[in-house]
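Following: one structure in structure tokens, then a few remarks.
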Amino acid sequence: MNLTLVVSVSPLRPTFRLDLSWPILLLFSAALCLLILLPLSWLVYYSLHDRAGGFTLANFEQLVTDPIFLDPLLTTVILATSSAVICCVVAAPMGWLVARTDMPLRGTVRALVTASFVTPPFLGAVAWELLAAPNSGLLNKAFRAATGAEPDDYLFNIYSLPGLIFVISCYTFPYVFVLVANALDRIPGDLEDASSILGGGAWTTALRVTIPLALPAVLAGALVAFLQAMTLFGSPAILALPAGFHTMTTKIWSLFQYPPKLELAAAASLPLLVLTVALLRAESFILGRRGYSVVGGRQGDPRRVPLGRWKWVAVAAAFVVLLNPVFLPYGALLNAAFSRVPSEFVTLDNVTLHNIEFVFFELSATGIAFKNTLILCTSAATIGTVMAVVIAYMTSRKAIAWHKALGFLATAPVAVPGIVLGVGLFLTYTRPPFVLYGTLWILLIAFVTIALPAAYQQLQSAFRVVNPDLEEASRILGATRLGTLGRITAPLLRTSVIATWCFIFVGVIRELSAAIMLFTSETKVISVLIFDLNESGDLGAIAVIGILMLVFTFAVVVLINRIPGFGGVRLRNT
Amino acid sequence: MRDVRLSRRTILKASGAAAASVFAAPLRAAAPEPTMVTPALIEAARKEGKVVYYTPIDLPVSERIGKAFEAKYPGVSVRVERTGAERIFQRVGQEFASNIRAVDVVNSSDAAHFIVWKRDGLLAPFVPEDLAKHYPAEQKDPDGMYAAFRVGLCVMGYNNRLVKAQDAPKSFADVLDAKWAGKIVKGHPGFSGTIMTATYEMSRDIGWDYFEKLAKQRVMHVQSASDPPKKLALGERAIMFDGNEYVLFQVRDSGGAVEPIYPTEGTPLVLSPNAIFKTAPNPNAARLFQSFCFSAECQQLMVDFGGMRSLHAEVKDRAGRRPLSDIKTLKEDAAAVEKLGEEIRARYTKIFRV
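The listed protein sequences correspond, in order, to chains A and B. Just so we're aligned, residue 741 is where the first sequence starts under the numbering used here, counting upward by one. Just so we're aligned, residue 110 is where the second sequence starts under the numbering used here, counting upward by one.
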């Protein structure tokens, strides 16, 4: 559908109606530029200047020669690669089991993976401290009690690089799982039927049809996991210091200790940016030629591979995996919330309500942090979803000339670690004309910007599924672009839109890295509160706030999905 | 004439005769007269309704101080913002640079911060009655901008379930014994003002090469000086290299198996002043709160509940606690910390890699 046709059709309409589509679309494009280009420009500017404001390459020189930067860079690469591999090895088979086999409790497994996605990585890290600190960890204590091992012996040491890799994988594998499971969901049964008709057995079909079709999703999952692990701040912020090393994100954060070295921080963030862009390019190069046009209007249900007796083994394996991100950490948090000593099992002797009392009646930041978080979650989710819908519409329907650039802009923040974006926003919005630091607005901008790439990608792929014929029919009949979007396309995408809203909502609750740069005492959010409590080692209070936060998140996600008319949404689409 | 720099500028602009008369007097303004808590002040504070307190004092203690204040002056609530002193310093700088005026009263365990804030003209002079009457002169800023609110010791410690008293290290030197490798927890000077101050004192009196040796002991780092006593109580590490004495006492009071060690070389002494910012959004509540902080009532609470030590002449140390006068301490020098801060941080990071 092109513009000339629209113009030639419009005059034929009996009533005159003003088409606001163009101004509004342009406004969105401008907002996006402002949102993303401004902070990134400041980052580049800072990285190329010294403290006095003169042009210099010294920041980069220090970056590539000074071991205090090279070590974290190496650590980060090892960390991200290992996490990506672990995530794929664990999540891809799980995704297949859930999407394409007759394993029992498939819905439960999906829901539990969602639960691990909802769990903020920093909270998971604190919980794993309680579980697997070498001496005081509950698991290590149980191990020593069971085997009679020496007091210094331990089974797990969470304060180590493998420990950090493990915790990061726990809260990154849902990304891979969701990508793989969704891809497998969408592969129609027809192709597999064809394989069976031609004589392929169940396993042959799986190996030669299903798995190759899912491979791009696995690859994309590996990439997402790599990027997540590389740019994550929450878990390293809790575990890297006791373990005695820095990752790039914690190093960048430490550069803001007094006196802040903004130039170096900006320079240190650019390798992450370059690496991300390179990987995204590599992905599109590898996948570029292969169009997997598996989604049409008419598709058969996916066929499930019968597992036979193995199905109970499979479900057991899935639950063993889910012990790590969900059951064990939640258990540890519950235990710590009610135990006088967080690292001791609750008994009648040490059970206490002190932590709860402390959080609700003594800690003066609790109320304001919950209030701010609620405001930011809902507004960021709403604004972010609207933006993502409009931008995805513009790019997938090629609605404006610069749609490719727009798509790139909306995806660009994915390449910027939250903490670096936080810095960019800080530099941008502490000076005129936009003085927003100290208000909730700056946090809102940060959260929307961070959420946008994933929200956009998700809705863009949803748009691809909707055949443009329907929209073109609407346009030919005289509706404006926005009218069509609102009345035809958006309702068709309802499931994805709601899923995107939930996705951003959860994402904002999880967010720590940008918030830590941008908060003030009046604009504190829960993630920052937990981070501050961790600084002074108040694990019992963290457990109470963490559990509250999880309950709150689950309640909202479940409620949203129960609203009449919204029904049947599953978070699996995130 | 509150602002020292302003007064200098005024002098330059003034006529010669006027300048001569100002030069005849000491260049700095004298400390303001002590202020009593009057019903008018309480009423004014109540109108403002709240006071925002940035402090590194461990939350159970700082929130308890806040609650005690709220109980005494109903209608004025205390917002405690607790984080490490070095992070407070960074945040205050960040907020002032962006014209955000959120903080009323500040406490920091790195006394060097007050030298900077005073120099930058950010503090308001205020001398509560108790401060004028009951505190030693050498712990007060002569211009009345700040004064030591609490005296801290950065002690060593051990978990008495994991280590017998006779086996526990007695000195910094003892900690270098190979048997403690991998068993030590310590705070980080990038977050904690107490650790920053202690690191300076130790580097001056014991030397940086000591830290080089300590780094070989596979030390576990945490952020705040309040965390090592808690890690000790969890049993996560057997020895605490540095941490707040008061938090250790608190942990011990609530049943934690921890004991302090006052190293034979001397225990780092840490003075933590309180001050009011000139731009305090709640100036009267700030004054009322500052008066309360230095009162015998609050100081006694800090000693009894908080395990702290007080400079207030009328406040009694808790029975059974080793008196400050019996403890050999390393001398504090805020001016030197102010000058060397950046170098200390850089050197520390180089040695410990974190």
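Here a beta-carbon is modelled for each residue, glycine too, at the ideal position from N, C-alpha and C.
Nearest chain B C-beta to residue i closer than 9 angstroms, yes or no?
| i | result |
| --- | --- |
| A:I1159 | no |
| A:A873 | yes |
| A:E1275 | yes |
| A:Y1177 | yes |
| A:L783 | no |
| A:D930 | no |
| A:F1098 | yes |
| A:P891 | yes |
In angstroms, rounded to a whole number, what distance separates the CA positions of residue i and residue j?
| i | j | result |
| --- | --- | --- |
| B:L420 | A:L863 | 40 angstroms |
| A:I905 | B:H243 | 55 angstroms |
| A:V1034 | A:I951 | Confidence is the limiting factor: at A:V1034 the pLDDT is only 47, short of 50, which leaves the residue's position unreliable, though a coordinate-based value still follows. Taking the straight line from one Cα to the other gives about 13 angstroms. |
| A:A921 | A:S994 | 38 angstroms |
| A:F1067 | A:F973 | 23 angstroms |
| A:F883 | A:Y894 | 7 angstroms |
| B:T164 | A:G847 | 48 angstroms |
| B:F258 | B:Q409 | 12 angstroms |
| A:D790 | A:E1023 | 35 angstroms |
| A:A1202 | B:M349 | 56 angstroms |
| B:T376 | B:E172 | 27 angstroms |
| B:M329 | B:A455 | 19 angstroms |
| A:L1192 | A:K1051 | 39 angstroms |
Compare the C-beta of residue i with all C-beta atoms of chain A and state if any pair is closer than 9 angstroms.
| i | result |
| --- | --- |
| B:E190 | yes |
| B:E447 | no |
| B:K325 | no |
| B:S124 | At B:S124 the pLDDT is 36, less than 50, meaning the model places this residue with poor confidence; the figure from the coordinates comes in the next sentence. Output row for B:S124: interface = no. |
| B:G261 | no |
| B:S363 | yes |
| B:L439 | no |
What three-state label does DSSP hand residue i in the structure shown?
| i | result |
| --- | --- |
| B:A149 | helix |
| B:P237 | strand |
| B:K292 | coil |
| A:T1220 | coil |
| B:G230 | coil |
| A:L879 | helix |
| A:V1265 | coil |
| A:L1088 | coil |
| B:K454 | It should be noted that the sequence gives Arg, not Lys, for residue 454 of chain B. Looking at B:R454 - three-state DSSP - the assignment turns out to be helix. |
| B:R259 | strand |
| B:L380 | strand |
| B:N208 | coil |
| B:A133 | At B:A133, the pLDDT of 39 sits below 50, so the modelled position is not reliable; the number obtained from the coordinates is stated separately. DSSP places B:A133 in helix when its eight states are reduced to three. |
| B:G416 | coil |
| B:P165 | coil |
| A:G835 | helix |
So with CB distances below 9 angstroms, who are the chain A contacts of residue i?
| i | result |
| --- | --- |
| B:G202 | Y998, P999 and P1000 |
Determine the chain B residues that contact residue i at a beta-carbon separation under 8 angstroms, and present them in chain order.
| i | result |
| --- | --- |
| A:I808 | T458, K459 and R462 |
| A:P1082 | L343 |
| A:H986 | R462 and V463 |
| A:L981 | H297, H330, V331, Q332 and V463 |
| A:Y899 | M329 |
Can you pull the chain A neighbours of residue i, defined as C-beta to C-beta under 7 angstroms?
| i | result |
| --- | --- |
| B:A180 | The contacting residues do not exist; B:A180 stays about 13 angstroms from chain A at best. |
List the residues of chain B that residue i touches, going by C-beta distances under 9 angstroms, in chain order.
| i | result |
| --- | --- |
| A:S994 | G299, T458 and V463 |
| A:T1321 | Outside the modelled stretch of chain A, which goes from 741 to 1314, sits residue 1321 of chain A, for which no answer is possible. |
| A:L1116 | Chain B residues near A:L1116: none, gap ~18 angstroms exceeds 9 angstroms. |
Anything in chain B within Cβ reach of residue i, meaning under 7 angstroms, just list it in chain order.
| i | result |
| --- | --- |
| A:D1278 | L168 |
| A:S876 | L343, G344 and E345 |
Cβ closer than 8 angstroms: which chain A residues qualify as neighbours of residue i?
| i | result |
| --- | --- |
| B:Q359 | By Cβ distance, chain A contributes nothing, its closest Cβ being about 12 angstroms from B:Q359, past 8 angstroms. |
Using 8 angstroms as the cut-off, can you tell me whether the segment 781-797 of chain A makes contact with the segment 1006-1020 of chain A, which would need three or more C-beta pairs spanning the two stretches below that distance?
yes
Using a Cβ distance threshold of 8 angstroms, determine whether the segment 325-335 of chain B contacts the segment 393-403 of chain B, with at least three qualifying pairs required.
no
I want to know whether the segment 1283-1295 of chain A touches the segment 213-221 of chain B - three or more CB-CB distances under 8 angstroms.
no
So does the segment 1270-1282 of chain A actually touch the segment 162-177 of chain B, counting three or more Cβ pairs closer than 8 angstroms?
yes
Counting Cβ pairs closer than 8 angstroms, one from the segment 1080-1092 of chain A and one from the segment 1139-1154 of chain A, do we hit at least three?
no
Specify whether the segment 939-953 of chain A and the segment 1016-1024 of chain A touch according to this definition: at least 3 beta carbon pairs, one from each stretch, less than 8 angstroms apart.
no
Does the segment 807-815 of chain A come close enough to the segment 978-993 of chain A to have 3 or more Cβ pairs within less than 8 angstroms?
yes
Within the chosen definition, does the segment 362-372 of chain B reach the segment 278-288 of chain B through at least 3 CB pairs nearer than 8 angstroms?
yes
Touch check for the segment 866-883 of chain A and the segment 897-904 of chain A: three-plus C-beta pairs under 8 angstroms?
yes
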